[in-house]
Every structure is written in C-alpha cells, then in structure tokens.
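Peer 1: I'd like to ask some things about the structure below.
Number of protein chains: 2
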Amino acid sequence: MELLKQRIVKDGTLREGNVIKVDSFLNHQIDIDLLNEIGKEFKARFASEKIDKILTIEASGIAIAVIAAQHFRVPVVFAKKTDSKNLDENTYESSVYSYTKDKTYTIRVSKRYLNEGENILIIDDFLANGKAAEGLIDIIDKAKCNTVGVGIVIEKGFQKGGDKIRKQGIKLESLAIVESINNGEIVFR
Amino acid sequence: MELLKQRIVKDGTLREGNVIKVDSFLNHQIDIDLLNEIGKEFKARFASEKIDKILTIEASGIAIAVIAAQHFRVPVVFAKKTDSKNLDENTYESSVYSYTKDKTYTIRVSKRYLNEGENILIIDDFLANGKAAEGLIDIIDKAKCNTVGVGIVIEKGFQKGGDKIRKQGIKLESLAIVESINNGEIVFR
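Sequence lines, in order, name chains A and B. Under the UniProt record's numbering, the first sequence is numbered contiguously, ending at residue 189. Under the UniProt record's numbering, the second sequence is numbered contiguously, ending at residue 189.
This is the structure:
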C-alpha cells in the first residue's frame with residue numbers, strides 16, 4: 001500500500017533493536033484518514049472471503065480493527081491482556097510472549113463472542129515474531145471457528161512471524177512489509 | 001441517547017458491586033453501527049466547540065474515540081497504561097486508581113502529541129469515580145492545553161465522578177446516565 005509506505009518513510013522513526021516507531025500516526029496518535037484508507041485496503045484484499053467477525057488484541061489493534069470493520073460491516077472482538085473483575089470467567093485463553101515488553105501474558109476472549117463455525121479475520125498493527133497472531137489463531141481454533149486470514153499494517157519481513165503464518169496456509173495480507181533496515185533506511189519488500 | 005439506553009437495557013447485564021456489563025456491544029465485542037451513532041451524538045453535543053484533538057485512554061476508550069473522530073475530523077491520542085520499550089521517554093504522566101482492577105497505575109502521553117494551546121475533547125466509555133478522566137485532565141493541564149469537554153458513553157450517576165467534573169466547570173456530556181440500580185433494574189436519570 002503505497003500511501004502507507006510513504007507515510008512510514010516520512011513520519012516513522014527507527015530505534016535501537018530494529019524498532020520502527022510509527023506512534024505519530026498509528027499507535028499512540030492516530031491519523032483517522034489514513035486508518036480509513038487502511039480499512040478500505042483490507043476490505044479490498046479480503047473481498048472474496050466470507051467474514052463474520054474481526055478479532056484483534058488490545059490496545060493498538062483496536063483502532064485499526066474498528067475502522068476496518070466499517071468496511072466489512074461486521075462486529076469486532078478484541079482479546080484482553082489484563083485481568084479485570086469485569087471479564088467473563090468463561091474465556092478462551094492463550095499465552096503470548098511479547099518481545100517488546102519482555103514478558104509472557106495471557107490473552108482472553110469471552111466464549112460468548114466466538115461461536116463455533118464463525119469465519120474470523122485477524123487484524124493487528126504489527127507482525128514481527130508473530131506471537132500475538134499465533135495466540136489469536138490458537139483462540140480461534142479453541143472456539144472451533146475458522147481463521148479466514150490475517151491483516152497486518154506493518155510486517156517486519158526480517159523476522160519469522162510472517163513466514164510461519166504463510167506456511168500454515170493462512171492468507172496473510174501485510175500492507176507494508178519491511179524487508180530490512182539498512183544504515184537507518186527502511187527497505188520494503 | 002435513546003438508542004443507547006434501549007441497548008443497555010436489552011443487552012447489558014448487572015454484576016455484584018453495581019457493575020454494568022456491556023461487553024456484548026461496547027468494550028469487548030463492539031457493535032460498529034452503534035458506535036457510529038454514538039460518534040454522531042458526541043459531534044452533535046460538542047458541535048459549537050473548537051476541537052483540535054480527541055484524547056482517550058487504552059483500551060476500551062480507543063474504539064469509541066476513533067469512530068467519533070471521524071465525525072470531528074481530528075486525530076486521536078490515547079494515553080498508555082503500560083510501560084513499553086517503544087514509548088517515548090518524554091511523556092506527560094498522571095497516576096490513576098482503578099476501582100475495577102484495584103490498583104494504581106501510571107498513564108502516559110508523549111509530549112510530542114499534545115501541543116500547548118490545543119483544544120482537547122476527552123472521550124471514554126465509562127465514568128464512575130472519575131479517576132481516569134481526572135488523570136487525563138491532569139495531563140492536558142500539564143501540556144498547557146485546554147479541556148474543551150468530556151464525552152462519556154455511560155455515566156454511573158450514583159458515583160462521584162460526574163459531579164466532580166461538572167463542579168470544575170468542565171462541559172460533561174454523558175450519553176446515558178444510570179441514576180440507580182433498583183432490584184436488578186437500571187434507572188436512567
């Protein structure tokens with residue numbers, strides 16, 4: 001997606017450890033017009049699929065998922081990372097290791113919001129090692145739903161997550177794939 | 001907002017400790033069409049105000065804020081609750097006590113996304129004791145921005161948050177105010 005790549009080059013910044021910071025427009029401050037174009041693009045890429053629900057994970061996936069959902073006209077469910085007194089006791093769970101935060105946490109979705117046989121599209125902001133996506137796929141499997149595909153805004157192509165998901169035969173659509181970071185410059189696949 | 005109140009009565013459930021669960025349409029599974037009506041309503045209620053940005057807090061405020069932002073045509077910034085390697089070191093901070101989770105946490109907004117003099121509308125899903133809203137107002141003050149108003153989907157009118165904010169002279173618009181919970185029935189103000 002050309003508009004997105006241009007924006008990453010213009011406003012993204014690089015940090016130690018191959019961190020691509022896009023918090024000026026994607027995951028801290030949010031450019032709503034760009035998000036809307038991203039939502040349209042996801043719809044175009046999954047136009048031939050039957051999708052009943054979009055599944056994402058708090059927090060930064062939520063904004064992207066709900067704007068995209070307007071184009072799919074389906075509900076969004078977001079997996080919760082934190083224990084809350086208000087969360088159902090009856091949940092599907094999976095363990096996810098976060099490299100960014102260097103800890104393992106449990107993600108949960110109430111059993112009431114994933115019904116057997118539903119076709120689920122996963123949407124998230126980043127895909128690097130793929131741990132969050134794997135956790136969501138695990139939850140979809142536990143709910144006996146179908147993972148129709150995974151839509152990612154920025155994939156770090158030099159990390160393993162994307163290939164692992166593709167090898168499972170799951171349709172993965174990443175709107176920008178960063179192939180490498182070369183002397184402080186982002187090279188797209 | 002009549003549509004919202006009807007939905008709360010139809011699909012909301014009550015839990016011990018005056019907890020109103022609306023996770024089937026607002027903060028776990030999300031009904032996008034309802035959210036869009038909520039966004040329109042916020043725009044109508046703050047139509048006369050000049051608003052530069054919407055500020056919310058992760059996680060459940062994000063969905064509401066970004067859909068509302070489409071009607072205001074402004075960016076969204078969401079305060080972060082968790083430490084992340086990817087967060088700017090240069091942040092405005094405030095401490096917030098959560099009754100739901102029974103702990104105090106630090107909320108943070110990068111200094112780059114609140115510029116002196118900007119007019120900020122706070123949007124969140126719930127207002128009960130008002131601790132999260134107070135934390136956001138504190139951050140807006142620290143950034144020398146103006147709190148134009150606070151837009152809340154569901155206010156628990158029997159708790160203190162709403163009155164505290166109104167007494168400060170801040171325009172607070174709650175789309176549904178629960179006055180009391182009476183023998184398992186929700187009474188709106």
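Note that beta-carbon positions come from the ideal geometry of N, C-alpha and C, so glycine has one too. The structure displayed is predicted, hence computed values, not measured ones.
Under a three-way DSSP split, which group does arginine 189 (chain A) fall into?
Peer 2: Working through the first sequence from its first residue, we reach residue 189 (chain A) at position 189. Reduced to three states, the DSSP call for arginine 189 (chain A) is coil.
Peer 1: Once the 5 residues before and after leucine 55 (chain A) are set aside, which same chain residues still bring their CB inside 6 Å of it?
Peer 2: The residue you call residue 55 (chain A) lines up with position 55 of the first sequence. Excluding sequence neighbours, leucine 55 (chain A) sits near Val77, Ile120, Ile122 and Leu136.
Peer 1: For arginine 15 (chain A), count the other beta carbons within 10 Å of its own beta carbon; 16 or more makes it buried, fewer makes it exposed. Which is it?
Peer 2: The residue labelled residue 15 (chain A) in the question sits at position 15 within the first sequence. When all chains shown are included, arginine 15 (chain A) counts as exposed.
Peer 1: Using 8 Å for Cβ pairs, my map puts isoleucine 32 (chain B) next to proline 75 (chain A). What's the rounded Cβ distance?
Peer 2: Here residue 32 (chain B) is taken as the residue at index 32 of the second sequence, counted from 1. Here residue 75 (chain A) is taken as the residue at index 75 of the first sequence, counted from 1. 7 Å between Cβ atoms; contact.
Peer 1: Measure the C-alpha to C-alpha separation of aspartate 52 (chain A) and tyrosine 113 (chain A) and round it to an integer number of angstroms.
Peer 2: Mapped onto the first sequence, residue 52 (chain A) falls at position 52. Mapped onto the first sequence, residue 113 (chain A) falls at position 113. Their Cα atoms are separated by approximately 11 Å.
Peer 1: Would you mind giving the Cβ-Cβ distance between glutamate 155 (chain B) and phenylalanine 46 (chain B), rounded to the nearest angstrom? I have them listed as a contact below 8 Å.
Peer 2: Looking up residue 155 (chain B) in the second sequence gives position 155. Looking up residue 46 (chain B) in the second sequence gives position 46. Not really, about 16 Å apart at Cβ, beyond 8 Å.
Peer 1: How many Å lie between glutamate 116 (chain A) and isoleucine 107 (chain A) at the Cα?
Peer 2: Position 116 of the first sequence, counting from 1, holds the residue named residue 116 (chain A). Position 107 of the first sequence, counting from 1, holds the residue named residue 107 (chain A). Cα-Cα distance, rounded: 19 Å.
Peer 1: Assign alanine 176 (chain A) to one of two classes, buried (16 or more other C-beta atoms within 10 Å of its C-beta) or exposed (fewer than that).
Peer 2: Residue mapping note: residue 176 (chain A) aligns to position 176 of the first sequence, counting from 1. Alanine 176 (chain A) should be labelled buried.
Peer 1: Name the DSSP beta bridge partners of phenylalanine 126 (chain A), please?
Peer 2: Counted from its first residue, the first sequence places residue 126 (chain A) at position 126. Phenylalanine 126 (chain A) is bridged to A:Ile154.
Peer 1: Using the C-alpha atoms, what's the distance from glutamate 2 (chain A) back to glycine 184 (chain A)?
Peer 2: Taking the first sequence and counting its residues from 1, the one referred to as residue 184 (chain A) is at position 184. Taking the first sequence and counting its residues from 1, the one referred to as residue 2 (chain A) is at position 2. Taking the straight line from one Cα to the other gives about 20 Å.
Peer 1: State the DSSP-derived secondary structure class of arginine 73 (chain A), mapped to helix, strand or coil.
Peer 2: Position 73 of the first sequence, counted from the start, is the residue given in the question as residue 73 (chain A). If DSSP states are grouped into helix, strand and coil, arginine 73 (chain A) belongs with coil.
Peer 1: Check alanine 59 (chain A) in the structure and name its three-state DSSP category.
Peer 2: Position 59 of the first sequence holds residue 59 (chain A). Note: alanine 59 (chain A) maps to coil in three-state DSSP.
Peer 1: Pop quiz: valine 109 (chain B) and valine 66 (chain A) are said to be a contact at Cβ under 8 Å. What is the actual Cβ separation, rounded to whole angstroms?
Peer 2: Numbered from 1 along the second sequence, position 109 holds the residue referred to as residue 109 (chain B). Numbered from 1 along the first sequence, position 66 holds the residue referred to as residue 66 (chain A). Valine 109 (chain B) to valine 66 (chain A), Cβ: 21 Å. No contact.
Peer 1: Below 9 Å on C-beta distance, what does tyrosine 113 (chain B) contact in chain A?
Peer 2: As a first step, residue 113 (chain B) is located in the second sequence; it is residue number 113 there, counting from the start. By Cβ distance, chain A contributes Asp23, Ser24, His28 and Gln29.
Peer 1: Taking DSSP as the reference, what is the three-state secondary structure of lysine 40 (chain B)?
Peer 2: The residue labelled residue 40 (chain B) in the question sits at position 40 within the second sequence. Here lysine 40 (chain B) sits in helix by DSSP.
Peer 1: With a threshold of 9 Å between beta carbons, is aspartate 88 (chain A) in contact with chain B?
Peer 2: Numbered from its first residue, the first sequence carries residue 88 (chain A) at position 88. Yes, aspartate 88 (chain A) counts as interfacial toward chain B.
Peer 1: Ignore the nearest five residues each way along the sequence and tell me which others in aspartate 133 (chain A)'s own chain have a CB closer than 7 Å to its CB.
Peer 2: Working through the first sequence from its first residue, we reach residue 133 (chain A) at position 133. The sequence given here has alanine at residue 133 (chain A), not aspartate. Excluding sequence neighbours, alanine 133 (chain A) sits near Ile122, Asp124, Leu127, Val150, Gly161 and Ile165.
Peer 1: Could you confirm whether any beta carbon from chain A is found closer than 9 Å to the beta carbon of lysine 7 (chain B)?
Peer 2: Taking the first residue of the second sequence as position 1, residue 7 (chain B) is located at position 7. For the sequence presented, residue 7 (chain B) should be read as arginine rather than lysine. No - not a single Cβ of chain A is within 9 Å of the one on arginine 7 (chain B).
Peer 1: Should tyrosine 92 (chain A) and lysine 131 (chain A) be called a contact, given that it needs their Cβ atoms to be closer than 9 Å?
Peer 2: Numbered from its first residue, the first sequence carries residue 92 (chain A) at position 92. Numbered from its first residue, the first sequence carries residue 131 (chain A) at position 131. Contact flag unset, no.
Peer 1: Along chain A, which residues have their Cβ under 8 Å away from the Cβ of glutamine 168 (chain B)?
Peer 2: Walking along the second sequence from the start, residue 168 (chain B) turns up at place 168. Per Cβ cutoff of 8 Å: no residues; glutamine 168 (chain B) is ~26 Å from chain A at best.
Peer 1: Using the C-alpha atoms, what's the distance from asparagine 129 (chain A) back to leucine 35 (chain A)?
Peer 2: Counting from 1 along the first sequence, the entry for residue 35 (chain A) is found at position 35. Counting from 1 along the first sequence, the entry for residue 129 (chain A) is found at position 129. The alpha-carbon atoms of leucine 35 (chain A) and asparagine 129 (chain A) are separated by roughly 23 Å.
Peer 1: So, alanine 68 (chain B) versus alanine 63 (chain A), is the Cβ gap smaller than 9 Å?
Peer 2: Your numbering for residue 68 (chain B) matches position 68 in the second sequence. Your numbering for residue 63 (chain A) matches position 63 in the first sequence. Against a cut-off of 9 Å, the Cβ pair of alanine 63 (chain A) and alanine 68 (chain B) comes out as no contact.
Peer 1: Using 10 angstroms around the beta-carbon of glutamate 41 (chain B), count the other beta-carbons present and answer buried if the total reaches 16, otherwise exposed.
Peer 2: Taking the second sequence and counting its residues from 1, the one referred to as residue 41 (chain B) is at position 41. With 16 or more other Cβ atoms within 10 Å, it is buried.
Peer 1: Name, in chain order, the residues that DSSP records as bridge partners for residue 190 (chain B).
Peer 2: Shown here, chain B extends from 1 to 189; a query on residue 190 (chain B) therefore has no answer.
Peer 1: Measure the alpha-carbon distance for residue 198 (chain B) versus alanine 59 (chain B) and round it to whole angstroms.
Peer 2: Outside the modelled stretch of chain B, which goes from 1 to 189, sits residue 198 (chain B), for which no answer is possible.
Peer 1: Skipping 5 residues on each side, what residues in its chain have a beta carbon closer than 7 Å to that of leucine 26 (chain A)?
Peer 2: Within the first sequence, the letter at position 26 stands for residue 26 (chain A). Asp125 and Val153.
Peer 1: From which residue to which residue does the beta strand (DSSP E) around valine 9 (chain B) run?
Peer 2: The residue you call residue 9 (chain B) lines up with position 9 of the second sequence. Looking at the DSSP string, valine 9 (chain B) is not in any beta strand (DSSP E); the run it does join, the alpha helix (DSSP H), is 2 to 11.
Peer 1: Could you pull the DSSP bridge partners for leucine 34 (chain B) from this structure?
Peer 2: Locating residue 34 (chain B) in the second sequence gives position 34, where the first residue counts as 1. The partner list for leucine 34 (chain B) (beta bridge, DSSP) is empty, contrary to what the question assumes.
Peer 1: With respect to the alpha helix (DSSP H) encompassing glutamate 93 (chain B), which residues constitute its N-terminal and C-terminal limits?
Peer 2: Working through the second sequence from its first residue, we reach residue 93 (chain B) at position 93. Where glutamate 93 (chain B) is concerned, there is no enclosing alpha helix (DSSP H), although the beta strand (DSSP E) it sits in stretches over 91 to 98.
Peer 1: Distance, Cα to Cα, valine 178 (chain B) vs lysine 101 (chain B)?
Peer 2: Reading the second sequence from its first residue, position 178 is the one you call residue 178 (chain B). Reading the second sequence from its first residue, position 101 is the one you call residue 101 (chain B). In a straight line, the C-alpha of valine 178 (chain B) is about 21 Å away from that of lysine 101 (chain B).
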